[in-house]
Amino acid sequence: MAELIPNRKIEGSSFKIVKVSQEAFKDSRDIILENYLAGNLILIEKYLPEVDINQFNFPALQTPNYMPDNISSLTNKYKDISHWKIKKAQARTAAQLIHTDKKKAEILLATMHSVEKQVGNLFYQLFQVPITSYSTWRFTRTNHTIYHLDDYNGILLRAFWNLSTCPRVWNIGHNSNDIIKLFGNKVSTFLQESAKQTRGEITTRKFNRYLNTLIQDCERHTIKFDQYDLWLIDSVKVVHQLKAGDKLGLFNYKINEVSKLANTIVERLNYPNYIRSSIENVIKKS
Ligand SMILES: [Fe+2]
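Sequential numbering from 439 applies to the sequence shown in this note's numbering.
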């Protein structure tokens, strides 16, 4: 079971964790969708897809800089052995890092792809439009990250699955609207300055990188995700900080045709729309 360690000193937090069982997911579609769009975290404890889960019972790679012996046997395509390609390896590379034996690597890879598809089905149940998936598998012990919002532009549906018997530990507590409200004057000044420079709409990347500079002293809660916990979050909306963990599947899905989504959903999924009214409020007040 995931364990939440609340911090009573936290300020300005409207962020929520919404738990749902794997069995109840489909019937809880509306409430899950609402909370995902609102920038909350959807948690399925002990998510067990229909695969041989024992395929994931291998030791984590020892350190972030660890260079496995079998790296040299990777195909040419994967010969780029820069640090992040091991730390955030895509499925095939990850399987080859774990198994030198080709057959074993292929079986693990097929298992990974099956999980990716089944988690994708959860998103399909929420959004009901075709999605394209890719996953990264993080089998090294992690370094701490800062308390941050992700900063990619565009829409990505994301889920995280802890495969380790060690808890995956995150600090959490705010969504980006909370941060805009907490630092209204600063955000307003930043937007006015940026508008002078760019004369256009600010990108998610630029805006979230700025918000990340504001939040480093904010109090935050801690959550420890247990083995096989799966959580769905829109990580450009939800502030998070990785504290510990060593084996994780991270699933990413792109919506093939955003135009096929209902307008009411696109408006809330689209990040600039999500933050628009908070921004208008802080500008009005300044
Ligand atoms: Fe992140």
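Think of the CB as a built atom: it goes at the ideal place given N, C-alpha and C, for glycine as much as any other residue.
Counting only the same chain and skipping the five closest in sequence on each side, list residues whose C-beta sits under 6 Å from that of ILE448. Indexing the sequence shown from 1 puts residue 448 at position 10. Take ILE448, set aside five residues on each side of it, and the residues of its chain with a beta-carbon closer than 6 Å to its own are GLY611 and GLU657, in chain order.
Are ASN600 and ASP667 touching if we call contact CB-CB under 8 Å? Within the sequence shown, numbered from 1, the residue matching residue 600 stands at position 162. Within the sequence shown, numbered from 1, the residue matching residue 667 stands at position 229. Against a cut-off of 8 Å, the Cβ pair of ASP667 and ASN600 comes out as a contact.
Consider the C-beta atom of ASP588 and the heavy atoms of ligand 1; say whether any pair is separated by less than 7 Å. As a working note, residue 588 is residue 150 in the sequence shown. Yes, Cβ of ASP588 sits closer than 7 Å to a heavy atom of ligand 1.
In the DSSP assignment, find the unbroken beta strand (DSSP E) run with HIS551 in it and report its ends. Numbered from 1 along the sequence shown, position 113 holds the residue referred to as residue 551. Premise fails: HIS551 lies in the alpha helix (DSSP H), 540–565, not in any beta strand (DSSP E).
Decide if LYS517 is buried, meaning its Cβ has at least 16 other Cβ atoms within 10 Å, or exposed. Counting from one through the sequence shown, the residue named residue 517 turns up at place 79. Because the pLDDT of LYS517 is 46, which lies under 50, any placement of that residue in the model is unreliable, and the number read from its coordinates should be weighed accordingly. Per the 10 Å Cβ criterion, exposed.
Rounding to the nearest angstrom, what Cα-Cα distance links ILE717 and ILE618 in this structure? Numbered from its first residue, the sequence shown carries residue 717 at position 279. Numbered from its first residue, the sequence shown carries residue 618 at position 180. Approximately 7 Å between the Cα atoms of the pair.
So what's PHE463 in DSSP terms, helix, strand or just coil? Here residue 463 corresponds to residue number 25 of the sequence shown, with the count starting at 1. The answer is coil: DSSP assigns PHE463 none of H, G, I, E or B.
With DSSP run on the structure shown, which of helix, strand or coil describes VAL720? Locating residue 720 in the sequence shown gives position 282, counting from the first residue. Note: VAL720 maps to helix in three-state DSSP.
SER573: CB within 7 Å of a non-hydrogen atom of ligand 1: Taking the first residue of the sequence shown as position 1, residue 573 is located at position 135. Distances taken from the Cβ of SER573 to the heavy atoms of ligand 1 include none shorter than 7 Å.
Contact defined as beta carbons within less than 8 Å: I believe ARG467 pairs with LEU595. What is the distance between those atoms, to the nearest angstrom? Looking up residue 467 in the sequence shown gives position 29. Looking up residue 595 in the sequence shown gives position 157. The pair is not a contact, with the Cβ atoms about 14 Å apart (cut-off 8 Å).
Is the beta carbon of THR583 sitting closer than 8 Å to the one on ILE524? As a position in the sequence shown, residue 583 is number 145, starting the count at 1. As a position in the sequence shown, residue 524 is number 86, starting the count at 1. The criterion of a C-beta distance shorter than 8 Å is not satisfied by THR583 and ILE524.
Tell me, to the nearest whole angstrom, how far the beta carbon of ASP616 is from that of SER451; I am working on the premise that it is less than 8 Å. As a first step, residue 616 must be located in the sequence shown, where it is residue number 178. As a first step, residue 451 must be located in the sequence shown, where it is residue number 13. Contact holds; Cβ gap of about 6 Å.
Ignore the nearest five residues each way along the sequence and tell me which others in THR627's own chain have a CB closer than 6 Å to its CB. By one-based count along the sequence shown, residue 627 stands at place 189. Once the five neighbours on either side are set aside, THR627 has no close Cβ partner at all.
Taking 6 Å as the limit between beta carbons, can you name the residues of its chain near ALA533, skipping five residues before and five after? Taking the sequence shown and counting its residues from 1, the one referred to as residue 533 is at position 95. Excluding positions up to five away in sequence, the list reads ALA543, LEU546 and LEU547.
With a CB to CB cut of under 6 Å and the five nearest residues on each side skipped, what residues in its chain are close to ILE455? What you label residue 455 is simply residue 17 of the sequence shown in a count that begins at 1. Within the same chain, LEU479 and LEU481 come within 6 Å of ILE455 by CB-CB distance, once the 5 residues on both sides are set aside.
Check ILE480 in the structure and name its three-state DSSP category. Taking the first residue of the sequence shown as 1, we reach residue 480 at position 42. When secondary structure is reduced to three states using DSSP, ILE480 falls in the strand class.
In the DSSP assignment, what residue or residues form a beta bridge with GLY687? The residue given as residue 687 occupies position 249 in the sequence shown. According to DSSP, which records beta bridges pairwise, GLY687 is partnered with TRP575 and TRP599.
Cβ shell of TYR504 (< 7 Å), same chain only, five flanking positions each side left out: Numbered from 1 along the sequence shown, position 66 holds the residue referred to as residue 504. For TYR504, the predicted model reports a pLDDT of 48, less than 50, meaning its position is unreliable; a value from the coordinates is still stated below. The beta carbon of TYR504 sits closer than 7 Å to the beta carbons of THR578 from its chain, once the five residues preceding and following it are set aside; these are given in chain order.
Considering just the uninterrupted stretch of the beta strand (DSSP E) at GLU441, what are its terminal residues? The residue given as residue 441 occupies position 3 in the sequence shown. Annotation: the continuous beta strand (DSSP E) that includes GLU441 extends over 441–443.
DSSP has GLN679 in a bridge; who is on the other side? Looking up residue 679 in the sequence shown gives position 241. Answer by DSSP bridge pairing, in chain order: ASN609.
Report buried or exposed for TYR572, applying the criterion of at least 16 other Cβ atoms within 10 angstroms of its Cβ. Indexing the sequence shown from 1 puts residue 572 at position 134. Exposed is the call here.
If you draw a straight line from the alpha carbon of VAL696 to that of GLY592, how long is it in whole angstroms? In the sequence shown, the residue the question calls residue 696 occupies position 258. In the sequence shown, the residue the question calls residue 592 occupies position 154. For VAL696 and GLY592, the distance between alpha carbons rounds to 11 Å.
Under 7 Å from any heavy atom of ligand 1, does the C-beta of SER673 make it? The residue labelled residue 673 in the question sits at position 235 within the sequence shown. Yes.
Integer-rounded CB distance, given that ILE661 should sit under 8 Å from VAL677: The residue labelled residue 677 in the question sits at position 239 within the sequence shown. The residue labelled residue 661 in the question sits at position 223 within the sequence shown. No, VAL677 and ILE661 are not in contact; Cβ-Cβ is about 12 Å, not under 8 Å.
Please state the DSSP three-state secondary structure of LEU629. The count along the sequence shown starts at 1 and reaches residue 629 at position 191. LEU629 falls in the helix class under three-state DSSP.
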